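**Student:** Numbering follows our numbering, with no gaps: position 215 of the sequence shown is 830. Heads up, the beta-carbon is just placed ideally off N, CA and C, and yes, glycines get one too. This one's a predicted model, so the numbers in the text were calculated from it and none came from an experiment.
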Amino acid sequence: MTYASIMVAMDLTPDARDRARVAGHLADAFHARLIGVAADQPALIAAPAGPTPGSMQALATSDEAILDRLRMVHAAFEDSVAGRSRVSWRSGIGAPLSFLVTQAAVADLVVLGARMGIEPTSFSVDPADALIQLGRPALIVPPGIDHLDASRIVIGWKNTREARRAVWDALPFLKRASIVGVVAVDDGQARDDTTAVIDFLRSHDIAADTVATDPFGATVGEALIEAAMERAAGLIVAGAHGHGRLREWAFGGVTRTLLTAAPICCLLSH
Numbered sequence: 616m617t618y619a620s621i622m623v624a625m626d627l628t629p630d631a632r633d634r635a636r637v638a639g640h641l642a643d644a645f646h647a648r649l650i651g652v653a654a655d656q657p658a659l660i661a662a663p664a665g666p667t668p669g670s671m672q673a674l675a676t677s678d679e680a681i682l683d684r685l686r687m688v689h690a691a692f693e694d695s696v697a698g699r700s701r702v703s704w705r706s707g708i709g710a711p712l713s714f715l716v717t718q719a720a721v722a723d724l725v726v727l728g729a730r731m732g733i734e735p736t737s738f739s740v741d742p743a744d745a746l747i748q749l750g751r752p753a754l755i756v757p758p759g760i761d762h763l764d765a766s767r768i769v770i771g772w773k774n775t776r777e778a779r780r781a782v783w784d785a786l787p788f789l790k791r792a793s794i795v796g797v798v799a800v801d802d803g804q805a806r807d808d809t810t811a812v813i814d815f816l817r818s819h820d821i822a823a824d825t826v827a828t829d830p831f832g833a834t835v836g837e838a839l840i841e842a843a844m845e846r847a848a849g850l851i852v853a854g855a856h857g858h859g860r861l862r863e864w865a866f867g868g869v870t871r872t873l874l875t876a877a878p879i880c881c882l883l884s885h
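1. Put P699 into one of helix, strand or coil per three-state DSSP.
2. Threshold first: 3 residues or longer. Then list the beta strand (DSSP E) segments lying entirely within the stretch 772-824, N to C.
3. Ends of the alpha helix (DSSP H) at D744?
4. Would DSSP call S706 helix, strand or coil?
5. If you count every other CB in all the chains shown that lies within 10 Å of the CB of G796, and 16 or more means buried, which is it?
6. Taking a contact to mean a Cβ-Cβ separation below 8 Å, would you say N774 touches A811 in this structure?
7. Please state whether DSSP places G651 in a helix, a strand or coil.
8. Mind checking who M622 pairs with in its DSSP beta bridge?
9. Between the beta-carbon of I813 and the beta-carbon of I851, is there less than 8 Å?
10. Can at least three beta-carbon pairs, one atom from the stretch 750-769 and one from the stretch 635-648, be found at a separation below 8 Å?
11. What does the alpha-carbon distance come out to for the pair V652 and A745?
12. Does the stretch 710-729 come close enough to the stretch 679-697 to have 3 or more Cβ pairs within less than 8 Å?
13. Quick one: Cα of S695 to Cα of A848, how far?
14. Just curious, the beta strand (DSSP E) that S884 is in, first and last residue?
15. Does the Cβ-Cβ distance between V740 and I770 come in under 8 Å?
16. Taking M622 as the reference, which of I681, V702, P657 has the closest Cα?
17. Do you know offhand how far R860's Cα is from G759's?
18. Using the rule of at least 16 other Cβ atoms within 10 Å of the residue's Cβ for burial, across every protein chain shown, is R699 buried or exposed?
19. What do you get for P657, buried or exposed, if any count of 16 or more other CB atoms within 10 angstroms of its CB means buried?
20. Alpha carbons only, please: which of A710, S737, W704, F738 is nearest the one belonging to A722?
21. Helix, strand or coil for L641, going by three-state DSSP, please let me know.
22. Assign A785 to buried or exposed, taking buried as 16 or more other Cβ atoms, counted over all protein chains shown, within 10 Å of its Cβ.
23. Please state whether the Cβ-Cβ distance between A647 and A624 is less than 8 Å.
24. Sort D633, I768, A743, F645 by Cα distance to A691 and report the nearest one.
25. Could you check if S884 is buried or exposed, using at least 16 other CB atoms within 10 Å of its CB as the buried criterion?
26. Return the residue from the list S737, A855, L789 that minimises the CA-CA distance to S818.
27. I'd like to confirm the pairing. Which residues does DSSP put opposite R767 in its beta bridges?
28. Is it buried or exposed for S706, if we count other Cβ within 10 angstroms and need 16 for buried?
29. Among the residues of its own chain, which have a CB less than 8 Å from the CB of T809, if the five just before and after it don't count?
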């Protein structure tokens with residue numbers, strides 16, 4: 616099992632360039648094709664009822680401005696992944712998330728930025744909204760990260776559909792890792808047994824062990840991040856638990872913490 620196609624969501628921020636570099640390094644490691652994606656749409660403004668003089672011209676000007684910005688994003692992508700042959704670009708005028716979800720049908724893994732602010736910026740995709748809709752595992756890259764060393768991985772384990780899916784989706788990373796730890800943090804209900812997931816990993820020739828943790832008043836998400844940092848992990852694998860409508864924080868506290876506060880990359884599946 617491998618990743619044959621890796622997709623990265625691009626925008627005009629410096630973090631997007633770093634994100635593209637991460638995706639490029641992964642494409643090299645897995646001999647995968649790399650696809651950059653970006654889309655934007657005109658800002659919604661109140662308009663007078665009925666056609667007005669110059670309205671069509673204004674719409675055309677708005678579209679041209681978006682196309683200019685898309686050319687800038689494309690150039691930033693090409694600069695960040697320069698020297699690679701199996702690279703393609705997809706862009707369009709439309710809602711960034713909808714466009715990404717449609718394009719993700721050709722991807723095995725989608726690389727996204729972490730959620731850094733409440734208000735969306737041009738081309739931006741909220742990772743929480745994306746996780747609900749993508750149907751693909753998402754690699755969340757925090758600011759300041761331009762390379763992923765996944766030789767040490769921590770799995771946040773709770774025996775749920777989402778966590779089982781995440782472990783399966785992360786197998787290409789897990790097979791390459793030298794150290795894999797499974798963390799089952801007590802969430803106040805019960806600490807899940809890690810025996811089943813460790814047996815599953817061993818069936819795929821992946822050696823893993825259980826990481827003992829005690830939150831000491833921290834949230835489950837914070838305890839998971841702390842365990843990953845103590846083991847010098849470069850990647851956290853976890854299920855994205857939650858449900859709800861778009862533009863709402865429908866995910867639980869662990870997922871929310873990983874999307875907003877994790878200092879290392881996270882592979883999340885929903």
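**Tutor:** Working from what's here:
1. Numbered from its first residue, the sequence shown carries residue 699 at position 84. The displayed chain sequence assigns Arg, not Pro, to residue 699. Three-state DSSP puts R699 in coil, outside helix and strand.
2. Counting only runs of at least 3 residues, the stretch 772-824 fully encloses the following beta strand (DSSP E) elements, listed from N- to C-terminal order: 794-798.
3. Numbered from 1 along the sequence shown, position 129 holds the residue referred to as residue 744. 742-749 is the extent of the alpha helix (DSSP H) around D744.
4. Residue numbering aside, residue 706 sits at position 91 when the sequence shown is read from its first letter. Reduced to three states, the DSSP call for S706 is strand.
5. Mapped onto the sequence shown, residue 796 falls at position 181. Classification of G796: buried, given that the 10 Å Cβ count is 16 or more.
6. The residue labelled residue 774 in the question sits at position 159 within the sequence shown. The residue labelled residue 811 in the question sits at position 196 within the sequence shown. Yes, the Cβ-Cβ distance between N774 and A811 is below 8 Å.
7. Residue mapping note: residue 651 aligns to position 36 of the sequence shown, counting from 1. It is a strand residue.
8. The sequence position of residue 622 within the sequence shown is 7, counting from 1. Answer is I650, V725.
9. Counting from one through the sequence shown, the residue named residue 813 turns up at place 198. Counting from one through the sequence shown, the residue named residue 851 turns up at place 236. The answer is no: Cβ separation not under 8 Å.
10. yes
11. Counting from one through the sequence shown, the residue named residue 652 turns up at place 37. Counting from one through the sequence shown, the residue named residue 745 turns up at place 130. Near 13 Å, if we compare the C-alpha coordinates of A745 and V652.
12. no
13. As a first step, residue 695 must be located in the sequence shown, where it is residue number 80. As a first step, residue 848 must be located in the sequence shown, where it is residue number 233. In this structure, the alpha-carbon of S695 lies about 25 Å from that of A848.
14. Looking up residue 884 in the sequence shown gives position 269. Taken as a continuous stretch (DSSP letters only), the beta strand (DSSP E) holding S884 covers 880-884.
15. For this step, residue 740 is matched to residue 125 along the sequence shown. For this step, residue 770 is matched to residue 155 along the sequence shown. Not a contact, by the Cβ cut-off of 8 Å.
16. Stepping through the sequence shown from its first residue, residue 622 is reached at position 7. Measuring from the Cα of M622, the nearest candidate turns out to be V702.
17. For the purposes of this step, residue 860 is taken as the residue at position 245 of the sequence shown. For the purposes of this step, residue 759 is taken as the residue at position 144 of the sequence shown. Residue confidence for R860 is low, a pLDDT of 45 falling below 50, so the modelled location carries little weight; the figure read from the coordinates is stated next. Approximately 30 Å, taken between the alpha carbons.
18. By 1-based counting over the sequence shown, the position of residue 699 is 84. Exposed, since its Cβ has fewer than 16 Cβ neighbours within 10 Å.
19. Mapped onto the sequence shown, residue 657 falls at position 42. Classification for P657: exposed.
20. The count along the sequence shown starts at 1 and reaches residue 722 at position 107. It is W704 whose Cα lies nearest to the Cα of A722.
21. Sequence index remark: in the sequence shown, residue 641 carries index 26 (1-based). Correct three-state label for L641: helix.
22. Position 170 of the sequence shown, counted from the start, is the residue given in the question as residue 785. A785 should be labelled buried.
23. Numbered from 1 along the sequence shown, position 32 holds the residue referred to as residue 647. Numbered from 1 along the sequence shown, position 9 holds the residue referred to as residue 624. In this structure, A647 sits away from A624, with a CB-CB distance that is not shorter than 8 Å.
24. Against the sequence shown, residue 691 aligns to sequence position 76. For the residues D633, I768, A743, F645, the minimum Cα distance to A691 belongs to D633.
25. Translated into positions along the sequence shown, residue 884 becomes position 269. By the neighbour-count rule (16 or more Cβ atoms within 10 Å), S884 is buried.
26. As a working mapping, residue 818 is identified with position 203 in the sequence shown. Out of S737, A855, L789, L789 has the C-alpha closest to the C-alpha of S818.
27. Walking along the sequence shown from the start, residue 767 turns up at place 152. Paired residues: I794.
28. Working through the sequence shown from its first residue, we reach residue 706 at position 91. Burial call: buried.
29. Along the sequence shown, read from residue 1 onward, the residue named residue 809 stands at position 194. Excluding sequence neighbours, T809 sits near W772, V797, A799, T825.
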